[in-house]
Structures are given as structure tokens and as C-alpha cells.
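**Q** The structure's right below; bear with me while I get my questions together.
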Amino acid sequence: AMVDDDGVAIEDEEGLTNVDQQVVWLRVNMARTLTTDLLSWVCAVVAVTKTLGGGVI
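Going by the numbering used here, the first residue of the sequence shown is number 20, and it counts up by one from there.
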């Protein structure tokens with residue numbers, strides 16, 4: 020378990036606390052956001068602009 024009964028952060032087998040694990044996950048999530056999600060939004064904006072603008076772009 021990542022949390023003792025008293026709610027204090029403890030280390031896992033790799034020596035990382037639950038807070039450290041959260042930081043690692045946030046870095047991975049930011050990389051995913053900057054690659055996949057951001058590019059998806061750009062594609063969606065281009066598609067909407069082309070559709071509503073009559074294909075000007």
C-alpha cells in the first residue's frame with residue numbers, strides 16, 4: 020500500500036513516496052497533453068474554421 024493507516028506518505032519498492040509517484044505521473048501527463056491533446060485541439064480548430072469559413076484556410 021502507498022499510504023499507512025495514519026495517512027502518512029510511505030515509500031514503495033522503488034524508494035518513491037506517493038507524493039513522488041504523483042510528480043512522476045504529472046510529468047507523464049503533461050507530455051501527453053503537449054503532444055496528443057494539443058495537436059487534437061489544433062486539428063479541431065482548423066476543421067471548424069474550414070467548415071464555417073467556407074474552406075478559406
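Glycine included, C-beta positions come from ideal geometry on N, C-alpha and C.
If we ignore side chains and look at the alpha-carbon of each, how far apart do residue 36 and residue 44 end up?
**A** Residue 36 sits at position 17 when you count from the first residue of the sequence shown. Residue 44 sits at position 25 when you count from the first residue of the sequence shown. If you take the alpha carbons of residue 36 and residue 44, they lie about 12 angstroms apart.
**Q** How should residue 72 be labelled, buried or exposed, when 16 other C-beta atoms within 10 angstroms of its C-beta is the threshold for buried?
**A** Numbered from 1 along the sequence shown, position 53 holds the residue referred to as residue 72. Burial call: exposed.
**Q** May I have the straight-line CA-CA distance separating residue 64 from residue 49, to the nearest angstrom?
**A** For the purposes of this step, residue 64 is taken as residue 45 along the sequence shown, with counting starting at 1. For the purposes of this step, residue 49 is taken as residue 30 along the sequence shown, with counting starting at 1. The alpha-carbon atoms of residue 64 and residue 49 are separated by roughly 21 angstroms.
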